[in-house]
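Right, one structure below, let's go through it.
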Amino acid sequence: ILRTHSTAAFPEGSLSLLLWMFRALLLLLAQDALSLQIAVRPLAPATLSRSPAVHAQFGGGEKPKGLSRDSEPEEFFKTNMDAMSDEEKLKSPVVWIGLSILVLPFIAGVIALEFSK
């Protein structure tokens, strides 16, 4: 017969003891993840030769030129957001969600600090 146990079946002290033991077990399991791990590797002998660096064999010896204003193409990737004016951007819910993700945690932190006093 399968019986289901509720929290009322455990005495008040044993439930807190079980919670404490669970937290201690999690701490022991996470101990390796939180500790500094240093790997000891043997040094390679100096007599071993390293393989030569691989060079691309296509093209030639010319280095690619960096992008500058003169060499920038006239047509470039432009998103719809880039084409919008600032007023249109502020009407977008994506902008408001992004700003709230940045600002609201700080406001919540200030409120939490004030209530903890």
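Note that the sequence shown covers residues 321 to 437 in the numbering used here. All residues carry an ideal CB built from backbone N, CA and C; glycine is no exception.
- A direct Cα-to-Cα measurement between I358 and D352 gives close to 12 angstroms.
- Residue state for K409 is assigned as helix, using DSSP reduced to three classes.
- For I358, the three-state secondary structure derived from DSSP is coil.
- Rounded to whole angstroms, the separation of the alpha carbons of E434 and F426 is 12 angstroms.
- If you draw a straight line from the Cα of G429 to the Cα of G418, it comes to about 18 angstroms.
- DSSP places M401 in the uninterrupted alpha helix (DSSP H) bounded by 400-403.
- About 6 angstroms separates the beta carbon of K385 from that of S391, a gap short enough to meet the 8 angstroms contact definition.
- DSSP places G386 outside both helix and strand once states are collapsed to three, so it counts as coil.
- Annotation: L346 to S336 spans about 15 angstroms, alpha carbon to alpha carbon.
- Annotated three-state conformation of F426 is helix, per DSSP.
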